[in-house]
Amino acid sequence: MSEPRIPVPLLLLKRFWLALTIVLVVVGSLAYWVKNAFYDTGYAPEQPIAFYHKVHAGDLKIDCKYCHFNADRGKHPGIPPMSVCIGCHKHVTTNNPEYQKEIDNLLKVAETGSYVIDGVNYHGKPDGVVYDGGVVHWKRVHKLPDHVYFSHQWHVRAGVACQTCHGPVEQMTVMRQFSDLTMKWCLDCHRKSNYVAGRAYDPSDPSTFTVGTADRETQRQRQEHDPLVTFAARQVSATNAPEADHAHEKPATPLPAANTTTGERARDRHLETVLDAQTIPPALRAAMKAKLKDLPIWRLADLPETHRAYYTSEASFQNAPTQCNTCHQ
Amino acid sequence: MTKTYWKNAAELLVDPAAAPARRADEFGSDVSLAISELRTKHGLTNVSCESEGNTPAELDRMRAELHEALPGVNRRGFLRLTGAAAVFTLAACGKKKPDTFVPWAEQPEGTTIGNAVYYSSTLRDSGQPVGVMVKTYDGRPIKIEGNPDHPLTGGGRCDTQTQAALLNLYDPDRLQDGPRSRAGDDFKSITWDDLDAAVGSALKQGTVALLTGPLDGPSHLALVADLTKAFPGRFVHAVHQAYPRAGEAAARTLSFGEAGLPSYRPESADLMVSFGDFLGGGTTGLAEQIGFGDLRRLKGAATDATSGQVIVFEPTLSQTGACSDVRVRVAPDQLALAAWSLAELVARDVGATLPSQAVKALANAGGAAQLGLKPIANADPASPLEYAAMRLVAAKNAGRHSLIYSGGASQCGADSVSLHLATAFLNAILGNDGVTVIASPAGRALVDNGEAQALIERCAQGAVDTLIISGANPAYTWPASVAALKQVKTLVVLADRIDETAHLAHFVVPTLHGLESWGDAEARPGIYSLQQPCIPPLWDCRAAEESLMAFAVAAGADAFRVEATKPVASWVSVVSRRPLWQATAHGVRSWRDHVRTQWTGAVRKAAGAVADERAFWNAALAKGALVVPVQTKPANYSLSSQAQISFPAPASGPRLILSASRTMRDGAWLNNAWLQELPDPVSKITWDGYLAISPVDAHAAGIVSDDVVSLTVNGKPAIDVPVRVQEGNHPGTMELFLGWGRARAGRVADLTAENGGYRVNGFELVDQRPLPAALDATIAKTGARYQLATTQGHDYMEGRPIALDEVLDQRLTAAPEHAPWKNGTDGEAGGNISMWGTHHVYPGHRWGMTVDMNTCIGCNACVVACNAENNVPVVGRDEIRNSREMHWIRIDRYFTGTFDRDARGPVAVKAKTAESLLDVEVVNQPVMCQQCENAPCEPVCPANATMHNDEGISLQIYNRCVGTRYCANNCPYKVRRFNWYEYSKYRAGPIGSGSPVTRIVTNVTTSGATSSQAELAHMPLMLMLNPEVTVRSRGVMEKCNFCIQRTRTIRDREKSENRRIPDGEVKTACAQTCPTRALVFGDLSDPASEVVTTAARTGTAYRLLDKELNTRPSVAYLKRVRNRPPTADEASGHAGSPDGAPAHQSAEKENGG
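In the order they appear, the protein sequences are chains A and B.
Take 10 as the starting number for the first sequence in this note's numbering and just add one per residue.
Take 7 as the starting number for the second sequence in this note's numbering and just add one per residue.
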């Protein structure tokens, strides 16, 4: 009397707990895999030139928009043109040999389009890397999917601090992705701050939430009419900005224009100075400000004569909002 | 005899009686059962809920009941799970790959990263200069649009070929690494300096000849004049064109006693009588298309609206014939007889004297009775000639103007002069000359006037030492000249690739694309436009004009010599890494300086500009166009006694017409995949040249479409060519399209010969230039079959009223049948129970479109514009055969005609069917996503990948799409497109390298990295992509979204400028480019917007299948209105529906069922 033979896999399945364990393991590993595939938080590729945000934004307190001057003008923040790097670094050196090595590499790229250090290049090969156009080809850290329409312009103008999304960049030696950049993450913030949530948005009823309303009146009300008044100062201190502490969660009270030092937009301050200096009637003053607003931020002619020699035509950084304290720390 | 609509002949075989049964089965028997039960229960006899007195609450209850009653499992929930599982699995396969940022070295002042920069320029890719506005991102042109400041673009419109010119710029088959010199049978690379030295020494003595394409613009004319001076007594310049307008020019000279080339302004005419293909003939362009649209457009409001009339006499169905009101078939040899017979009638009525030559010729030929034209139904007079004469005279008596046209590729030769003389005579006696026909004074442009023939003869005799060819390809367009070209001692060819002519050359000199080069143009007398580079030269090439000047300098001519300057070491060729050749560094005047000198000198003086040179130049560059009034003195008609009018004897056998391809024109851009994949406006065939034969001939010979026949023309070797049985072609007339079958155009063109395809080069069939009007030819079946890839063998109408037309006179008596858009909130007012409970709310804009089928000429410019704007991939011939074309917008071409149902049968079998296909009318209907309010595609998506936004656009979210294709199944308009392969990858890589799968694998494995120059050499097409639009990948559904990237930009602008952007400032790519303004885009919530007023004005608007399906589209169609006498059927009101029943009755019947 032989028992009917049961194939081994089915036999295993008969044992409920074993089957359950297998299922759990499979589901668990799949979930882990999926999470890794979707979220790039912490992604920090090695850059061809080790650029230290910590030094520039943190220690030297250079405004983010000094280099990423496109951020409040267009969809993209813009990787700074090489002229912005060279504009400073053809004069600025450092005592730290580790830093100086990177500065030398940068200058080599600008001059020859390549560099070789210790006999090897950035890729570990003996020849120099050729960078088209004599500019560093940076590795991209933050990347939104193609279909996402995200404009830096409106977020910056609305007073959202850079650190809200990009984290404490001023503490990062290597740039890394701070937020997961998922749609949920976008919505979390938009729900909280009710920025673009539609005319009929009722926070207690999530189904009323719409992104990208075309209600112009709502948009107009939320629009920042006078950037001088509502622009929020950036938190740049390395000591009081732990990672979880997002700038927007404790809304910065608008600082009086006279007290603002680091976070203010150069153009506005410049306009303010110019317009203040002369006694102009308020109506004309407003009209002039509106007109001057569209001028390029910074022109050679605005500089004192003694400074113009620094900005030769081969490396001018006319698009960057240079402030006095950028150099004169 | 009932009026019928069909897309292709096979559709005629579909039994109309079965259509209602098929439709009833559309939703499945269980759904139908549930609906009928609901009806019985509530006593609903009609869908009109209001008449039943139902309240909205009751309707909601019924809707819920119906929902409950529907049988089946919760399909959506199930699919959501499976779909999600699939997307997780696929997504988990990816690993983040480093992407590269390449910043500016120095960002130009005033630019913003991510914002486009526009340059005004001029392009000649359609054969005529067109003022364009080039959109560039980061220095890369990504879209060509019409320059709104140019007077001939109708406010920023653009034609098909000019749109497609963008692809030519990034064509990987262009010469990339410098000049070549002959080495045996092959070529070897040489340096620019060596080239200049070698050509210069050849130029130092002997006869020098320059053969070019047509030239205009002050700079080009000055350059030719300077070159003539530089080689005194031994320089010849000639122009070669595939389709010269020699016949028209000769007739003008004979008729008016002075040379000149007519240009046409149909916009000033009320009536057009055409003996040639005005739209697709190959010798007209954008300005003519714009004018034609204005002529065809319904003017006035409501029932008083009227439109111009187009009467066409033609042997084969042409693009103009398809857009005509009255189309009269004439044998090709009898066109001149028909024209002079018409002239005789008109002359009689207006009291003009017919020239004696014409009287004699007409008498010899036996007069109009010989023509045997089919009478126009219900017309008085019924004879087409008398009807046309009556209309022409009536227009003249009413003080209006008309336009008589003849011309095109098949009417460019000496044998068409009699025809052109007739049109010149008619235009003169009707007072059109100077109003709708304007002659350009001679000498303002250099065109093919027969000197090229003389030059080639001299070459054949060995009398030309050095021949430089630039901008012409005689070895292809005139194969008989090849032997002569081989006799030239030094043949220098300036071309962008090693084409047929360059292959014979001793030196091949790579030239720039129009978007990389300077230049200027004078499209019509006094209308100047400037051409400026919008991108540095991609490859190691130089402007053709600079090459000519460099050769002259090397030959010792001082006119072009300048003091050598230090080279600017900023521009480097992508491939060779060598600095690009710079003229001034070599002591040669740069082409830019030459253009600037002409403009700041002669042009500025002619314009009477007071600005200084610099200001004038900058303003000209910014604007791109300049109009200088040109005085023309009125011409007096006096037919020269030397003019001979004769009519060919009636042909005994079949006649072959050689016509210009309506997409490829003269074949110069055969390597352009966008144009290759563009359906022909009439036959809807892509990727191949073909022979169009008449249905009657096909019936007699037992030939069906896709048969391959052997075509024999007198004295020439037979060629094999696939056949298309073309509705509307005159019996005994065959039409072969020129511009196909090039041997050396590039890899895309070579696809034509792959997979058993046929290289059909019609130019080889005849040695004579200009081409004759018609040839004797015979065809014989080979027995082989070849499937021509057409975009209209599928998606039948199923008898539904989709494309509607009506007769102008009838319309005036009938009240408008269709209301334009209903208000967005009247959810149930359509009369159907909607499955949507909530109303749609549009707080801001609601985008919509009006499509005027009355002005649509089927040119496909919208399709190319959409391809460029939305990164739509090219899928290739095999995929088109699988009905997998990717175009987001298509132009459906419907034939209509009164058709005997009993005669229905295959053309090859039923003679009556074949005869019924001879006199057909056409409706062109552009179809894009209709952006339905109640979109059938949206509720069936398991992944919520398609949804509605609050601007009325049905969105497609690519990342959510899991490719179930339910939406495409459920779309009644068939506008959704599925990515069966990773088209974006194999579009970028080497085309023709095996199957799509192999190509993708090859590309992925060999071209993984970004921004390396080796990769750019192979994949320059990547540079062309619009960065604002996602490149879709495999397994994703896509469709038109009304260019959402453009409407989004408006939101940003409204925010930053704090104003509502006025109507007309945002347009979709298709509406922006449409030459005839058939597509109007705008905001439906703005009652004053053009899109709303256009739809409401004429009372001809209807929405596709809205009555039947309650989809509530955002697109309104304006019916095709025919300005002709109604047929008996139409007069009695039994027309308009595909099934023969009156349109509104059948529609209501379907609603009730």
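Using N, Cα and C, we set each Cβ at its ideal position, and we do this for glycine too.
On a predicted model such as this, the values are computed, not experimentally measured, just so you know.
Neighbours of A/I88 in chain B, taken as residues whose beta carbon is under 9 Å from its own, are F107, V108, P109, W110 and I119 in chain order. Residue-level contact by beta carbon fails for A/N114 and chain B, as no gap is shorter than 8 Å. Under the Cβ criterion of 8 Å, B/V488 is not counted among the residues facing chain A. A/D189 has a beta carbon lying at 8 Å or more from every beta carbon in chain B. The alpha carbon of B/T483 has as its nearest neighbour, out of B/P543, B/L742 and B/D773, the alpha carbon of B/D773. DSSP places B/Y125 within a strand segment (E or B) once states are collapsed to three. Between the region 661-669 of chain B and the region 869-883 of chain B there are fewer than three C-beta pairs closer than 8 Å, too few to call the two in contact.
Of the residues B/I785, B/A628 and B/G286, the one whose Cα lies closest to the Cα of B/P154 is B/A628. Residue-level contact check: A/H175 does not touch chain B, since none of the beta carbons of chain B fall below 8 Å from its beta carbon. Within the region 684-737 of chain B, the runs of alpha helix (DSSP H) that reach at least 4 residues and sit entirely inside it are, in chain order, 701-707.
Within chain B, the C-beta atoms nearer than 7 Å to that of A/G143 come from A111, in chain order. Only buried fits B/K9, as 16 or more other CB atoms lie within 10 angstroms of its CB. Shown in chain order are the members of the region 60-90 of chain A whose Cβ falls below 9 Å from a Cβ of chain B: F78, N79, R82, G83, K84, H85, P86, G87, I88, P89 and P90. Using a Cβ-Cβ cut-off of 8 Å, B/R584 does not count as an interface residue toward chain A, since no Cβ of chain A sits closer than that to its own. With 16 or more other Cβ atoms inside 10 Å of its own Cβ, B/F1087 counts as buried.
Only those residues of the region 92-104 of chain A whose C-beta falls short of 7 Å from the nearest C-beta of chain B are listed: S92. Collapsing the DSSP output to three states places B/L518 in coil. Taking C-beta atoms under 8 Å as the contact rule, B/A631 and B/S535 qualify, at a distance of about 4 Å. Listed in chain order, the beta strand (DSSP E) runs fully inside the region 125-201 of chain B are 136-143, 146-152, 186-189 and 192-195, counting runs of at least 3 residues.
Counted as a single uninterrupted DSSP element, the stretch harbouring B/W853 is not any alpha helix (DSSP H) but the beta strand (DSSP E) occupying residues W853 to D858. For B/V423, the closest C-alpha among the options B/L304, B/T259 and B/L676 is that of B/T259. At least one beta carbon of chain A lies nearer than 8 Å to the beta carbon of B/R1054. Residues of chain A whose Cβ lies closer than 8 Å to the Cβ of B/I541 do not exist, since the nearest Cβ in that chain is about 14 Å away. At a Cβ-Cβ threshold of 8 Å, B/A679 and B/V880 count as neighbours. Pairing B/A171 with B/G520 gives a Cβ-Cβ distance under 8 Å. The shortest CA-to-CA distance from B/V928 to any of B/T904, B/V1072 and B/A1137 is the one to B/T904.
Burial of B/V719 is indicated by the presence of at least 16 other C-beta atoms within 10 angstroms of its C-beta. Residues of chain B whose Cβ lies closer than 8 Å to the Cβ of A/K148 are, in chain order, P104, D105, T106 and F107.
One finds I963, Y964, N965 and T1036 in chain B with Cβ atoms closer than 8 Å to the Cβ of A/H156, taken in chain order. By alpha-carbon distance to A/E179, the top candidate from A/L27, A/D72 and A/P57 is A/D72.
When DSSP assignments are scanned along the region 140-203 of chain A, the uninterrupted stretches of alpha helix (DSSP H) that are 4 or more residues long and fall wholly within it turn out to be 161-166, 171-175 and 192-202. Between B/R335 and B/E921, the alpha-carbon positions lie close to 13 Å from each other. Around the beta-carbon of B/D386, fewer than 16 other beta-carbon atoms lie within 10 Å, marking it exposed.
Annotation: A/K110 has no Cβ neighbours in chain B at a cutoff of 7 Å; minimum Cβ distance is about 21 Å.
Among the bridge pairs identified by DSSP, B/P932 is matched with B/I897. The beta carbons of B/Y143 and B/P1033 sit closer together than 8 Å.
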